[in-house]
Amino acid sequence: MSAIQALDPFLKDGQDRFYRSGFLPQPVVRLTGQRDDRGELRDGFLTSFVNVSHIQPIKHHDEFADVINLWLSVLSRLGMHARHITICGHLTVWQRDQVRGTTPRFKHLDMTLGDVNLLWNVDQPQRMAVDLGSGLERLAWTRSRSNWKDLVFGPFANAAPPATLDAIRTATLLLGHGIRPGPRGAAGTTRRIINTVSAPLGLDPTVRFSHSYWQRLSPLALEWPAIASAIEDERIRGGAARA
1 MSAIQALDPF LKDGQDRFYR SGFLPQPVVR LTGQRDDRGE LRDGFLTSFV
51 NVSHIQPIKH HDEFADVINL WLSVLSRLGM HARHITICGH LTVWQRDQVR
101 GTTPRFKHLD MTLGDVNLLW NVDQPQRMAV DLGSGLERLA WTRSRSNWKD
151 LVFGPFANAA PPATLDAIRT ATLLLGHGIR PGPRGAAGTT RRIINTVSAP
201 LGLDPTVRFS HSYWQRLSPL ALEWPAIASA IEDERIRGGA ARA
């Protein structure tokens, strides 16, 4: 369940309840990261990352500004002061099913940090909510201004192409949560990601590094040796299928 789906009973179903609210850190997999002309992910984008959201129902528009002020306080404590934060974009209203919203973005100096959504029910516009989101890795990058690949891949930043390191990182998360390779759905995503691990390098150190990262945020069901073995087995299967 994504962070904003926690508000579905309130926003979509007309119920006075929701599953969760407040600040919610959550590992996610998204295949929509921006890419350069070579098809490589741009700095600041990963297939798997920690989405840090603040979601909550609100009763008045003023509370939308209150959430933004709270977020500015958090960023200030991280060393990103409000005078360097810009909220930008268009207030174009979009609609998905029963929900409408607007999505301004916020930047620290020249770096986009995330976005903040004001959401409401189409038929009951008094049912409003805020969904403010950013990526933990992007926050760390903006705060430190360090090399992106060194930040996310650590000592393995130069051990293999970034696409391979990104795939290992993502496969570790998926397999660690029990999503094994298969022909379709989430299992198909796991299979496709593993099949992009083309560099002939030993998997154990990089899987162990990724496992340690994800384990601190969300307990994984598999230990790193089992994940490394599963990735290698799928690579062998994929290679045989292509032969």
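For the sequence shown, the residue numbers in UniProt numbering are 1 to 243.
All C-beta atoms, glycine included, are put in the ideal place defined by N, C-alpha and C.
- In terms of CA proximity to residue 143, 79 leads the group 79, 54, 232.
- The C-alpha of residue 103 lies about 8 Å from the C-alpha of residue 93.
- The residue among 150, 12, 73 with its C-alpha nearest the C-alpha of residue 95 is 12.
- Contact check for residue 122 and residue 98: beta-carbon distance about 5 Å, within the 8 Å limit, so the pair qualifies.
- Judged by pairs of C-beta atoms under 8 Å, the region 145-158 touches the region 198-213, as three or more such pairs exist.
- When DSSP states are grouped into helix, strand and coil, residue 69 belongs to the helix group.
- C-alpha of residue 125 to C-alpha of residue 82: approximately 31 Å in a straight line.
- A contact between stretches requires three or more CB pairs, one per stretch, nearer than 8 Å, and the region 51-67 fails this requirement with the region 180-187.
- Short of 8 Å from the beta carbon of residue 67, and not among the five residues preceding or following it, lie these beta carbons of its own chain, in chain order: 54, 56, 58, 116, 130, 132.
- The continuous beta strand (DSSP E) containing residue 57 extends over residues 48-58.
- With fewer than 16 other beta carbons inside 10 angstroms of its own, residue 77 counts as exposed.
- The Cβ atoms of residue 194 and residue 235 sit closer than 8 Å to each other.
- Secondary-structure assignment with DSSP links residue 99 through a beta bridge to 96, 121.
- Setting aside the 5 residues that flank it on each side, residue 238 is surrounded in the same chain by 195, each with a C-beta closer than 6 Å to its C-beta; the list follows chain order.
- With contacts defined by Cβ atoms closer than 8 Å, residue 135 and residue 49 form a contacting pair.
- Under a 10 Å Cβ-count criterion, residue 146 is classified as exposed, with fewer than 16 other Cβ atoms of the shown protein chains found around its own Cβ.
- For residue 190, the CB contacts under 6 Å within the same chain, skipping 5 residues up- and downstream, are 174, 179, 181 in chain order.
- 163 is the residue among 197, 216, 163, 202 whose C-alpha sits nearest the C-alpha of residue 38.
- Here residue 228 has 203, 204, 207 as same chain residues with Cβ atoms under 6 Å from its own Cβ, once five neighbours each way along the sequence are excluded.
- Taking all protein chains in view, the Cβ of residue 210 is crowded by 16 or more other Cβ atoms within 10 Å, so the residue is classified as buried.
- Burial is judged here by how many other beta carbons sit within 10 angstroms of a residue's own beta carbon; residue 160 has at least 16 and is buried.
- Taking every protein chain shown into account, the CB of residue 87 has fewer than 16 other CB atoms within 10 angstroms, so this residue is exposed.
- Of the other Cβ atoms in all chains shown, 16 or more fall within 10 Å of the Cβ of residue 46; this residue is therefore buried.
- Straight-line measurement puts the Cα of residue 107 at about 8 Å from the Cα of residue 84.
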